[in-house]
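One point on numbering: in the working numbering, the residue at position 226 of the sequence shown is 241, and numbering is uninterrupted.
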Amino acid sequence: MHQLWIGSTIAALVVGIAVWVLIAYAAIRYRKRGDELPRQTAYNLPLEVVYTVIPFVIIAVLFFFTVNTQNRVMERSAEPEVTVAVNAFKWNWQFVYPETTDANGGEPVSTVGSTTEIPILVLPVDQTIRFELASADVIHSFWVPEFLFKLDVIPGNENGRDNVFEVTVREQGAYVGRCAELCGTYHAYMNFEVRSVSEEDFEDYLDARLDGLSTYDALESIGQPGVATSTVPLPQGGQQAAASDD
Numbered sequence: 016m017h018q019l020w021i022g023s024t025i026a027a028l029v030v031g032i033a034v035w036v037l038i039a040y041a042a043i044r045y046r047k048r049g050d051e052l053p054r055q056t057a058y059n060l061p062l063e064v065v066y067t068v069i070p071f072v073i074i075a076v077l078f079f080f081t082v083n084t085q086n087r088v089m090e091r092s093a094e095p096e097v098t099v100a101v102n103a104f105k106w107n108w109q110f111v112y113p114e115t116t117d118a119n120g121g122e123p124v125s126t127v128g129s130t131t132e133i134p135i136l137v138l139p140v141d142q143t144i145r146f147e148l149a150s151a152d153v154i155h156s157f158w159v160p161e162f163l164f165k166l167d168v169i170p171g172n173e174n175g176r177d178n179v180f181e182v183t184v185r186e187q188g189a190y191v192g193r194c195a196e197l198c199g200t201y202h203a204y205m206n207f208e209v210r211s212v213s214e215e216d217f218e219d220y221l222d223a224r225l226d227g228l229s230t231y232d233a234l235e236s237i238g239q240p241g242v243a244t245s246t247v248p249l250p251q252g253g254q255q256a257a258a259s260d261d
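Quick look at the structure:
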């Protein structure tokens, strides 16, 4: 995706510079020097063919590279190593590991945000992670800027392939995540955090969650901060308003 954006930007600059040069050339070369009209080129078929074909060629090249990149980005493996169900709602997130079962009632391990707590999605590095997106109300958009990728979360399409994608996180760290679709009053505060850790720490984190520990305590047990470090919750006044709306 980075290469596509860089290539598209270079192509746009080349086209832009060519247009600016032609405009400057026409303005200087054909500026008014008297009352005599210059030679007219209206209905010049070869010229019209050229400036009709060139834009189609540019569009075709950009379309080709865009489709190739999109196909690669949206590829799905037969057996991802980790699956995360992402549930979006006004105005927060729930992250579920559907292949797990905790010690408290046999439910899958999950983390849900609130107006006072940023939800933290813990992921391992160097593993294929599948995200299955769902919305409880309106269209949201799952966006982690560091992933260079975002995907709309469309309600009513939970079982569709359009709401599924995969990534492999390469570096450990804390990355802010946001909703990138205007979804209501507190859209701007609909943030989350991706915490990428080593494979060993991820297994220890899941084991701690399976034993009944909270997200905070499980993160602390593997030497990670128990609260989000990349973003902050809604200010206190907004918290009260959001709570009353809920």
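We put the CB at the ideal spot given by N, CA and C, even for glycine.
Proximity below 8 Å, CB of residue i to CB of residue j
i	j	result
valine 168	phenylalanine 157	yes
aspartate 152	phenylalanine 104	yes
proline 170	isoleucine 154	yes
serine 211	glutamate 235	no
leucine 148	valine 88	no
alanine 243	isoleucine 133	yes
tyrosine 66	proline 53	no
6 Å CB neighbourhood of residue i in its chain, flanking five on each side removed
i	result
arginine 91	Glu181
alanine 195	Ser156, Trp158, Lys165
threonine 183	Thr143
phenylalanine 217	Pro139
leucine 28	none
tyrosine 58	none
valine 36	none
aspartate 260	Confidence at aspartate 260 is low in this model, with a pLDDT of 41, below 50, so the placement of that residue should be treated as unreliable; the coordinate-derived value is given next. Same-chain partners within the cutoff: there are none.
serine 150	Ala103, Val168, Pro170
tyrosine 204	Leu249
Chain-order list of residues whose beta-carbon lies under 8 Å from that of residue i (same chain, five-residue window excluded)
i	result
leucine 225	Thr115, Thr116, Asp117, Ala118, Val124
serine 11	The displayed coordinates of the chain run from 16 to 261. Any statement about residue 11 would go beyond what the structure contains.
alanine 26	Ile73, Val76, Leu77
glutamate 122	Thr116
serine 213	Pro139, Val140, Gln187
valine 34	none
Nearest-angstrom beta carbon gap, residue j and residue i [assumed within contact, 8 Å]
i	j	result
aspartate 9	glycine 241	Missing from the structure shown is residue 9; the chain here goes from 16 to 261 and no further.
valine 76	phenylalanine 146	About 31 Å; that fails the 8 Å criterion.
glycine 199	tryptophan 106	6 Å
leucine 249	tyrosine 201	7 Å
glutamine 142	valine 97	6 Å
glycine 286	phenylalanine 80	The requested residue 286 is not part of the displayed model; the chain covers only 16 to 261.
Residues of its chain near residue i, where Cβ-Cβ distance is below 7 Å and the 5 sequence neighbours each way are ignored
i	result
threonine 84	Met16, Leu19
glutamine 129	Note on residue identity: the sequence assigns serine, not glutamine, to residue 129. Answer for serine 129: Asn107, listed in chain order.
threonine 230	Thr126, Ile135
glycine 163	The sequence shown places leucine at residue 163, not glycine. Closer than 7 Å at Cβ, skipping near neighbours: Met16, His17.
phenylalanine 62	Reading off the sequence shown, one finds leucine at residue 62, where the question assumed phenylalanine. Taken in chain order, the residues that qualify are Thr56.
proline 95	Thr143, Ile144, Arg145, Glu181
alanine 258	Unreliable placement is indicated for alanine 258, whose pLDDT of 36 sits below 50; the coordinate value is still reported in the next sentence. Closer than 7 Å at Cβ, skipping near neighbours: Thr130.
Distance cut-off 7 Å: residue i Cβ against heavy atoms of the ligand COA
i	result
phenylalanine 146	Because no ligand of any kind appears in the structure shown, any question about the ligand COA cannot be addressed here.
Checklist entry - Which runs of the beta strand (DSSP E), 3 residues or longer, sit entirely within the region 159 to 222? => result 164 to 168, 179 to 183, 188 to 194, 206 to 212
Next on the checklist: Give the list of continuous alpha helix (DSSP H) stretches no shorter than 4 residues that lie fully inside the region 46 to 132.
Outcome noted: 60 to 88
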